[in-house]
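What follows is a single structure, written as structure tokens, with notes after it.
Residue numbers (the numbering used here): 10 to 117.
This is how it looks when you write it as structure tokens:
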């Protein structure tokens with residue numbers, strides 16, 4: 010199932026009801042993420058901790074500001090949002106020379 014021991018593969022499914030189908034084909038339970046379960050978990054934590062939902066949203070991938078708002082820095086939140094974009098992580102395609110290398114060796 011895995012091509013290299015250095016890479017962990019996770020599967021995202023929309024509903025918890027689909028988890029048994031994925032485990033039936035050999036995907037470990039710990040490698041399955043259910044989007045519905047994640048949503049409910051974030052909602053529950055947001056009820057306990059003020060600002061948690063906003064913090065969690067920042068961690069999720071966001072590639073750029075909405076096009077219609079890019080030049081509208083007059084809005085106070087937009088300037089702050091634009092500054093925050095500078096701190097995000099993005100996906101990049103790596104050279105095949107990195108194939109099989111541990112993540113720590115590549116990231117550092």
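Ideal Cβ placement from N, Cα and C applies to all residues, glycine included.
Here the structure is a predicted model, which means the values were calculated and not measured.
Rounded C-alpha distance that separates residue i from residue j
i           : j           : result
residue 36  : residue 86  : 42 Å
residue 47  : residue 28  : 13 Å
residue 101 : residue 17  : 17 Å
residue 49  : residue 62  : 11 Å
residue 34  : residue 43  : 16 Å
residue 104 : residue 92  : 30 Å
residue 118 : residue 108 : Since the first residue shown for the chain is 10 and the last is 117, residue 118 is missing from the structure and cannot be characterised.
residue 65  : residue 39  : 20 Å
residue 59  : residue 106 : 45 Å
residue 84  : residue 110 : 44 Å
Where residue i falls: helix, strand or coil (DSSP)
i          : result
residue 49 : helix
residue 41 : strand
residue 25 : helix
Residue i vs residue j beta-carbon contact at 8 Å
i          : j           : result
residue 22 : residue 51  : no
residue 15 : residue 112 : yes
residue 20 : residue 31  : yes
residue 25 : residue 53  : no
Burial state of residue i, where buried means 16 or more other Cβ atoms lie within 10 Å
i          : result
residue 56 : exposed
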